């Protein structure tokens with residue numbers, strides 16, 4: 001959201017939102033790697049785990065996290 005002359009990218013419209021229930025100071029509900037204790041929300045090749053930001057969904061006008 002914001003002025004039309006300063007549009008945002010889909011991923012930059014939701015700063016700090018990584019999971020459902022996120023609010024300032026809390027990234028949201030995330031998955032936790034049992035070995036390292038690290039939080040993540042996406043699985044990659046070869047068992048890699050990533051923490052990716054939520055993407056702005058224009059159809060709902062809200063941030064849409066992966067988990």
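Numbering (UniProt numbering), first residue to last: 1 to 67. No residue lacks a Cβ here, since even glycine has one placed at the ideal position from N, Cα and C. Keep in mind that this is a model prediction, so the values were computed, not measured.
- If you draw a 10 Å sphere on the C-beta of residue 45, you find fewer than 16 other C-beta atoms in it, and that means exposed.
- Classified as exposed, residue 25 has fewer than 16 neighbouring CB atoms from the shown chains inside 10 Å of its CB.
- The beta carbon of residue 10 sits closer than 7 Å to the beta carbons of 55 and 56 from its chain, once the five residues preceding and following it are set aside; these are given in chain order.
- Remark: C-beta atoms of residue 65 and residue 19 approach each other more closely than 9 Å.
- Under DSSP, residue 63 takes part in a beta bridge, and its partners are 56.
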